[in-house]
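One structure is given below, encoded as structure tokens.
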Amino acid sequence: MPSVKVAKSLIGANERDDMAIPALMYHHISPTPGAHTVSPENFRIQLQWLADSGIRTISASEFDQWRQGSLTLEGPSVLLTFDDGWLDNWVYALPLLKEFNAKAVFFVVTSWPGEGTVRRDLGGSGWEAPTHEEAMASVKGSAKDGVVMRWSELLASKASGLVELASHSHTHGSWWDNQRSWPMILDALREDLYKSQIILSHQQGEPSNLFCWPKGQFGLEMIEVAKEVGFEVQFSTLRGCNSPAPFRLVRRINAENQGQEWISSRIRVYRDPLRGSLLGLAHQTLQRLRMQQKFQAIAPKDEFRFPFLSLI
Numbered sequence: 001m002p003s004v005k006v007a008k009s010l011i012g013a014n015e016r017d018d019m020a021i022p023a024l025m026y027h028h029i030s031p032t033p034g035a036h037t038v039s040p041e042n043f044r045i046q047l048q049w050l051a052d053s054g055i056r057t058i059s060a061s062e063f064d065q066w067r068q069g070s071l072t073l074e075g076p077s078v079l080l081t082f083d084d085g086w087l088d089n090w091v092y093a094l095p096l097l098k099e100f101n102a103k104a105v106f107f108v109v110t111s112w113p114g115e116g117t118v119r120r121d122l123g124g125s126g127w128e129a130p131t132h133e134e135a136m137a138s139v140k141g142s143a144k145d146g147v148v149m150r151w152s153e154l155l156a157s158k159a160s161g162l163v164e165l166a167s168h169s170h171t172h173g174s175w176w177d178n179q180r181s182w183p184m185i186l187d188a189l190r191e192d193l194y195k196s197q198i199i200l201s202h203q204q205g206e207p208s209n210l211f212c213w214p215k216g217q218f219g220l221e222m223i224e225v226a227k228e229v230g231f232e233v234q235f236s237t238l239r240g241c242n243s244p245a246p247f248r249l250v251r252r253i254n255a256e257n258q259g260q261e262w263i264s265s266r267i268r269v270y271r272d273p274l275r276g277s278l279l280g281l282a283h284q285t286l287q288r289l290r291m292q293q294k295f296q297a298i299a300p301k302d303e304f305r306f307p308f309l310s311l312i
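In UniProt numbering, the protein residues as written are 1 to 312.
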């Protein structure tokens, strides 16, 4: 673990305790318990605590402007992110976002949503939300519509004024399936991200510069490929704090199915640039080791050589 002196050099000498914004990472908001799932009751408690504590939710665009230094935020803020575009986000998350006037970003896997009209009152119509494992099995087959939001529902979420739509790739990481050579993986990644950008731009009428890495798997050269496609703001599953540094990956806290005590402790830790940076470095080191172990046979040796004493 680096010294406090080193950590302070990471965040900047003039960094204030209120100059770090935590980003919470959600997948499912659902009464069906399981992995990557927060119940509607606990999600309500978390939103209520944020509201009662005077912590406002900001849009991803505001977050980007703040990181660029072109927007000053008054008071503590937090960013809410939702991965994959699951149907339970439409059924359970969006109504609660509306109730608390909370902003969020939905990261969409652009090959998953289908066409069709908006579905109303699914929560009261007998629809049973799947577990994460069941949902993933469905999107790999032909039953996507029963577990993923349609484009009409994604656009209706955006029309609420609370939700932004951004890319979570086109295929949720299928470029890793082509492991004959590293250049072929990069070509497959580039093609996938271009498709995602084109489809998302067509559906919502504007491009997005926001991208979330599927499964949190990325490398240094891959980051540059995503930038080529126009994804300048890249979200990871790395823990840590977010300070005004537009060149860094966005770090997120995995949302747990717990209430007030959990969210208050996490926000307190990750609003502190010093503690957040130290935890971020530790998690970055673990991620480097995981990626090297999993892909060492195909990737160049430097692809996952993340720095020891600076945040990527």
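We put the beta carbon where it would ideally sit given N, CA and C, even for glycine.
query                                                                                                : result
4 or more residues per run - each alpha helix (DSSP H) lying fully within the region 186-270         : 220-229, 260-270
Cβ neighbours of D145 in the same chain (closer than 6 Å, five flanking residues each side left out) : G114
Bridge partners - V108, DSSP secondary structure assignment                                          : D84, S167
Assigned exposure category for K103 - 16 Cβ within 10 Å defines buried                               : buried
Residue interval of the alpha helix (DSSP H) (run including T159)                                    : Here residue 159 is Ala; the residue named in the question, Thr, does not match the sequence. Looking at the DSSP string, the run of the alpha helix (DSSP H) that includes A159 is 151-159.
Nearest-angstrom Cα separation, counted from I312 out to L249                                        : 6 Å
7 Å CB neighbourhood of P40 in its chain, flanking five on each side removed                         : I29, P31, Y92, L96
Residues near R288 by beta carbon distance below 6 Å, same chain, minus five either side             : F304, F306
Element boundaries [beta strand (DSSP E), containing A23]                                            : 23-26
Which residues DSSP lists as bridging T37, in chain order                                            : H28
Through-space distance from N178 to A245, alpha-carbon basis                                         : 33 Å
CB of S142 within 8 Å of CB of P130, strictly                                                        : no
Close Cβ partners of N254 (< 6 Å) along its chain, the five nearest in sequence each way excluded    : M25
Status (buried if at least 16 other CB within 10 Å, exposed otherwise) for G173                      : buried
CA-to-CA distance, M291 to G161, given in whole angstroms                                            : 38 Å
Contact set for M19: own chain, Cβ-Cβ below 7 Å, skip 5 residues either direction                    : S243, P244, P273
Boundaries (first-last residue) of the alpha helix (DSSP H) holding G280                             : 273-295
Beta-carbon spacing of S196, H170 below 8 Å                                                          : yes
Test item: CB-CB of L165 and F106 under 8 Å                                                          : yes
Under the three-state DSSP convention, the category S61 falls into                                   : helix
Residue burial classification, R268 (beta-carbon count within 10 angstroms, cutoff 16)               : exposed
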